[in-house]
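Numbering (this note's numbering), first residue to last: 237 to 344.
Where is the CB? At the ideal position from N, CA and C, for every residue including glycine.
Just so we're clear, the structure is a prediction, and the values are computed from it rather than from any experiment.
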(Lines of atoms letter the chains of each structure in order from A and count residues from 1; the text may use other names and numbers.)
(Lines give C-alpha, C1' and ligand atoms only; values in the text may rest on other atoms or scores of the structure.)
Protein backbone atom coordinates (compact mmCIF):
# COMPACT_ATOMS: atom_id res chain seq x y z
CA UNK A 1 0.00 0.00 0.00
CA UNK A 2 1.35 3.40 -0.98
CA UNK A 3 1.42 6.25 1.51
CA UNK A 4 -0.43 8.44 -1.02
CA UNK A 5 -3.16 6.05 -2.18
CA UNK A 6 -4.54 2.51 -2.06
CA UNK A 7 -6.58 0.37 -4.44
CA UNK A 8 -8.12 -3.00 -3.62
CA UNK A 9 -10.88 -5.21 -5.01
CA UNK A 10 -13.87 -5.35 -2.63
CA UNK A 11 -14.00 -9.14 -2.75
CA UNK A 12 -10.35 -9.32 -1.68
CA UNK A 13 -10.88 -7.22 1.46
CA UNK A 14 -10.87 -8.76 4.93
CA UNK A 15 -14.42 -9.77 5.79
CA UNK A 16 -16.33 -10.85 8.89
CA UNK A 17 -19.85 -12.16 9.49
CA UNK A 18 -19.58 -14.92 6.85
CA UNK A 19 -18.06 -12.49 4.34
CA UNK A 20 -20.99 -10.07 4.51
CA UNK A 21 -19.11 -7.19 6.15
CA UNK A 22 -15.97 -5.97 4.36
CA UNK A 23 -13.60 -3.82 6.41
CA UNK A 24 -13.04 -1.26 3.67
CA UNK A 25 -11.73 1.49 5.97
CA UNK A 26 -8.96 -0.66 7.39
CA UNK A 27 -8.17 -2.34 4.07
CA UNK A 28 -7.68 1.02 2.34
CA UNK A 29 -5.94 2.68 5.29
CA UNK A 30 -8.61 5.37 5.81
CA UNK A 31 -8.13 7.23 9.12
CA UNK A 32 -10.48 10.23 9.00
CA UNK A 33 -13.88 8.46 8.71
CA UNK A 34 -15.48 5.03 8.95
CA UNK A 35 -16.38 2.97 5.91
CA UNK A 36 -17.48 -0.58 5.19
CA UNK A 37 -19.07 -2.59 2.42
CA UNK A 38 -22.00 -4.78 3.44
CA UNK A 39 -23.24 -7.66 1.28
CA UNK A 40 -26.76 -8.80 2.14
CA UNK A 41 -28.38 -11.81 0.46
CA UNK A 42 -31.88 -11.62 -1.05
CA UNK A 43 -34.62 -11.23 1.56
CA UNK A 44 -32.19 -11.22 4.52
CA UNK A 45 -34.13 -10.07 7.61
CA UNK A 46 -31.44 -10.18 10.30
CA UNK A 47 -29.51 -6.98 9.63
CA UNK A 48 -29.65 -5.34 13.06
CA UNK A 49 -31.70 -2.24 13.71
CA UNK A 50 -29.29 0.20 15.32
CA UNK A 51 -28.33 3.82 15.89
CA UNK A 52 -25.11 5.67 16.62
CA UNK A 53 -26.39 7.99 19.34
CA UNK A 54 -23.53 7.02 21.66
CA UNK A 55 -20.76 7.86 19.18
CA UNK A 56 -22.47 10.68 17.27
CA UNK A 57 -21.79 9.09 13.88
CA UNK A 58 -24.17 9.89 11.05
CA UNK A 59 -24.03 7.51 8.10
CA UNK A 60 -24.39 7.71 4.33
CA UNK A 61 -25.63 4.64 2.44
CA UNK A 62 -24.74 4.05 -1.24
CA UNK A 63 -25.96 0.90 -3.01
CA UNK A 64 -23.30 -0.53 -5.32
CA UNK A 65 -25.49 -3.33 -6.70
CA UNK A 66 -28.93 -4.80 -6.11
CA UNK A 67 -31.35 -2.87 -3.97
CA UNK A 68 -33.89 -2.92 -1.22
CA UNK A 69 -35.07 -0.56 1.46
CA UNK A 70 -33.60 1.51 4.26
CA UNK A 71 -35.89 1.76 7.26
CA UNK A 72 -35.35 4.88 9.38
CA UNK A 73 -37.46 5.44 12.49
CA UNK A 74 -40.12 3.08 11.08
CA UNK A 75 -40.35 4.68 7.62
CA UNK A 76 -39.05 2.65 4.68
CA UNK A 77 -37.26 4.23 1.73
CA UNK A 78 -36.22 2.63 -1.56
CA UNK A 79 -32.46 2.26 -1.74
CA UNK A 80 -30.86 1.36 -5.08
CA UNK A 81 -27.89 2.45 -7.22
CA UNK A 82 -29.81 5.63 -8.19
CA UNK A 83 -30.39 6.82 -4.60
CA UNK A 84 -28.19 7.73 -1.63
CA UNK A 85 -29.31 8.23 1.96
CA UNK A 86 -27.99 10.02 5.04
CA UNK A 87 -29.11 9.08 8.55
CA UNK A 88 -28.60 11.14 11.71
CA UNK A 89 -26.63 9.48 14.50
CA UNK A 90 -29.59 9.13 16.88
CA UNK A 91 -32.04 7.71 14.31
CA UNK A 92 -32.76 3.96 14.37
CA UNK A 93 -32.00 2.36 11.00
CA UNK A 94 -32.19 -1.08 9.37
CA UNK A 95 -31.46 -2.41 5.88
CA UNK A 96 -33.93 -4.68 4.06
CA UNK A 97 -32.42 -6.23 0.90
CA UNK A 98 -34.70 -6.94 -2.05
CA UNK A 99 -34.97 -10.05 -4.25
CA UNK A 100 -31.51 -9.50 -5.78
CA UNK A 101 -29.81 -8.80 -2.45
CA UNK A 102 -27.72 -5.67 -2.07
CA UNK A 103 -24.12 -4.52 -1.76
CA UNK A 104 -23.98 -1.27 0.22
CA UNK A 105 -21.14 1.14 0.90
CA UNK A 106 -21.68 2.72 4.32
CA UNK A 107 -19.67 5.84 5.17
CA UNK A 108 -19.70 7.40 8.62
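- If you keep only unbroken beta strand (DSSP E) runs of at least 3 residues inside the region 292-332, you get 295-308, 311-315, 320-323.
- A straight line joining the alpha-carbon of residue 285 with that of residue 266 spans about 26 Å.
- Looking from the CA of residue 336, the closest CA among 275, 259, 262, 243 belongs to 275.
- By the Cβ neighbour-count rule, residue 300 is exposed, with fewer than 16 other Cβ atoms within 10 Å of its own.
- About 10 Å separates the CB atoms of residue 271 and residue 298; that is not less than 8 Å, and the two are not in contact.
- DSSP, read as helix, strand or coil, puts residue 336 in strand.
- Straight through space, the alpha carbons of residue 328 and residue 279 are spaced by roughly 20 Å.
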